[in-house]
Amino acid sequence: MAQASRFWDRHAKGYAKRPVADQTAYEKKLKVTQDYLRPDMDVLELACGTGTTALLHAPFVKHILAIDISDGMLEIARAKAEAGNVKNVNFERSSIDDFEANDATYDAVIAHSILHLLDDKRPILEKIHRMLKPGGVFVSSTVCLSGTLRLLKPVLLLGRYFGLLPLVRFFTSEELSNELMEAGFRIDHQWQPEKGKAVFIVATKA
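The numbering of the sequence shown is this note's numbering, which starts it at -1 and goes up by one.
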């Protein structure tokens, strides 16, 4: 966690300044997610970064707890919330591995751009399933690199070794879908804007 935290702390300000790579796709993902949200919902966002997604979803739910390992990211997120006078989002520092909640606590869990950065996503998917209420939804957007950018793997491994890049795992969208179903989810919605782009999935706790 410490190495990853330092990496994202170093890049927090630059990350916050970068425009969304595909604004049209991002807005579609927001809209699809918001179709599942209700005013009485308690939501958890994992690896919230600078808080943009949590703050955009805030008007549609009761409360959002958004966690991240980077103090730098969270500092920016809290400043955004204060500037926007958003009162129903709390930002807390925690890794996904360390975060714990009672079973059936949340109506929805959101995890964008993080599953491919986990050392082992299977126990995390099982944890998310436990934390969700029956019928709760898990919303994720994940870059599935296996089969598309395999030539990058040696570069990513070398960057990871020298602390210049985060850990990156390679798997296909089919492998991700299968792991979600093995964890007890039903895939309700799956969409990829184009080959090489992140795969957006809404899965329900069956």
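All C-beta atoms, glycine included, are put in the ideal place defined by N, C-alpha and C.
For residue 140, the three-state secondary structure derived from DSSP is strand. Classified as buried, residue 197 has 16 or more neighbouring CB atoms from the shown chains inside 10 Å of its CB. Apart from the 5 residues on each side of it in sequence, residue 34 sits with its Cβ closer than 6 Å to the Cβ of 135 in its chain, given in chain order. If you look at residue 110, you'll find it in the beta strand (DSSP E) that goes 104 to 110.
Per DSSP, residue 170 lies in no beta strand (DSSP E) and is assigned neither H nor E. By DSSP's assignment, residue 198 forms a beta bridge with 139, 189. Of the other Cβ atoms in all chains shown, fewer than 16 fall within 10 Å of the Cβ of residue 85; this residue is therefore exposed. By the C-beta criterion, the region 72 to 80 is judged to be in contact with the region 36 to 54, since at least 3 inter-stretch pairs fall below 8 Å. For residue 123, the uninterrupted alpha helix (DSSP H) run begins and ends at 119 to 129, by DSSP. By DSSP's assignment, residue 203 forms a beta bridge with 183.
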